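Residue numbers (our numbering): 202 to 450. Since the structure comes first, as structure tokens, the remarks are kept for the end.
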Ligand SMILES: [Fe+2]
Ligand SMILES: [Fe+2]
């Protein structure tokens, strides 16, 4: 049976940090489910909660307030990135403010160090994978799209350079590799992430990478350079048997 806890923990010295990671909560105004109990459970299972974007369903401030309310039941630090859904209503500044007021370390091209582990977060963007990645060619609209993808990878690189800790967890919304989106229709792979993120990750030493967005994707994969990647979207089956993944960093 697979171990329910994935370990990238240091072999000697520093204590391993237990991270619970989950994405795509999609908190909606009409939501029947509260995450209060889940956050309570996670607080007793892990040292840190990581949220990999699509925190809200439509990016409405009211949805962010509902999530903030549920997070009052979370007694451990929370580190998060936003997802595409959090941009839908054009209220991303309000959503960000509400979540930061709820003590969420909301990362958008920054790093935060907690208990000797560096958490680096950026949303990422679309663009496709490997040799099939969309190139900057043709219409200005295509070039703008590719530029956004390159820009997110550069922001990830800048955030990585801020890290002084020996252990690093990279937090994304979009996938950096195709392996963890496998299970989704192949026609939409280019909209689920970009290999440019993996190219950046592989220039550094990282303990693990978590992302969401691909609800029907696969749990586990690795970058060409060997960094472990986990799709922690809450709909994806995980060895923990719970909606969240448990990682030892
Ligand atoms: Fe989602
Ligand atoms: Fe998404």
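In this text, a Cβ means the ideal position worked out from N, Cα and C, and glycines have one as well. Note that the coordinates shown come from a computational prediction; the quantities given were computed from them, not determined experimentally.
**OP:** Name, in chain order, the residues that DSSP records as bridge partners for residue 253.
**Re:** The residue you call residue 253 lines up with position 52 of the chain shown. Paired residue(s): 282.
Original post:
Apart from the five residues on each side of it in sequence, which residues of its chain come closer than 6 Å, Cβ to Cβ, to residue 308?
Top reply: Counting from 1 along the chain shown, the entry for residue 308 is found at position 107. Excluding sequence positions up to five before and after residue 308, its CB lies within less than 6 Å of the CB of 282 and 322, all in the same chain and listed in chain order.
Original post:
Which full runs of the beta strand (DSSP E) of 3+ residues lie inside the segment 324-372, going along the chain?
Top reply: The beta strand (DSSP E) runs lying completely inside the segment 324-372 and spanning 3 residues or more are 368-372, given in chain order.
**OP:** Assign residue 479 to one of three DSSP states: helix, strand, or coil.
**Re:** A query on residue 479 cannot be resolved here, the shown segment of the chain reaching from 202 to 450 and no further.
Subject >> Backbone secondary structure at residue 433 - three-state DSSP >> reply: Walking along the chain shown from the start, residue 433 turns up at place 232. Reduced to three states, the DSSP call for residue 433 is coil.
Subject >> residue 240 - containing beta strand (DSSP E), residue span >> reply: Taking the chain shown and counting its residues from 1, the one referred to as residue 240 is at position 39. Judged by DSSP secondary structure, residue 240 falls outside any beta strand (DSSP E) and instead within the alpha helix (DSSP H) spanning 237-246.
Original post:
With a CB to CB cut of under 6 Å and the five nearest residues on each side skipped, what residues in its chain are close to residue 261?
Top reply: In the chain shown, residue 261 corresponds to position 60, counting from 1. Non-local C-beta neighbours of residue 261 in its own chain, meaning closer than 6 Å and more than five positions away in sequence, comprise 290, ordered along the chain.
Subject >> Residue list, Cβ distance to ligand 1 heavy atoms smaller than 5 Å >> reply: Chain-ordered list of matching residues: 225 and 255.
**OP:** Could you check what DSSP says for residue 292 in three-state terms: helix, strand or coil?
**Re:** For the purposes of this step, residue 292 is identified with residue 91 of the chain shown, where counting begins at 1. Reduced to three states, the DSSP call for residue 292 is coil.
**OP:** State yes or no: is the C-beta of residue 432 nearer than 6 Å to some heavy atom of ligand 2?
**Re:** Reading the chain shown from its first residue, position 231 is the one you call residue 432. No.
Original post:
Which residues does DSSP pair with residue 219 in a beta bridge?
Top reply: Residue mapping note: residue 219 aligns to position 18 of the chain shown, counting from 1. 449.
Subject >> Cβ neighbours of residue 368 in the same chain (closer than 6 Å, five flanking residues each side left out) >> reply: For the purposes of this step, residue 368 is taken as the residue at position 167 of the chain shown. Contacts found: 318, 408 and 450.
**OP:** Just the C-alpha distance for residue 219 and residue 251, rounded to the nearest angstrom, thanks.
**Re:** Position 18 of the chain shown holds residue 219. Position 50 of the chain shown holds residue 251. Near 11 Å, if we compare the C-alpha coordinates of residue 251 and residue 219.
Original post:
Sorted by chain position, which residues of the same chain lie with C-beta nearer than 6 Å to residue 263's C-beta, five sequence neighbours on each side aside?
Top reply: Here residue 263 refers to the residue found at position 62 when the chain shown is read from its first residue. 230.
Subject >> Whole-angstrom distance between residue 345 and residue 443, CA atom to CA atom >> reply: Along the chain shown, one-based indexing puts residue 443 at 242. Along the chain shown, one-based indexing puts residue 345 at 144. Just so you know, the alpha carbons of residue 443 and residue 345 end up roughly 39 Å apart.
Subject >> Contact under 7 Å by Cβ, residue 326 with residue 349 >> reply: Within the chain shown, the letter at position 125 stands for residue 326. Within the chain shown, the letter at position 148 stands for residue 349. Result yes, Cβ atoms of residue 326 and residue 349 sit closer than 7 Å.
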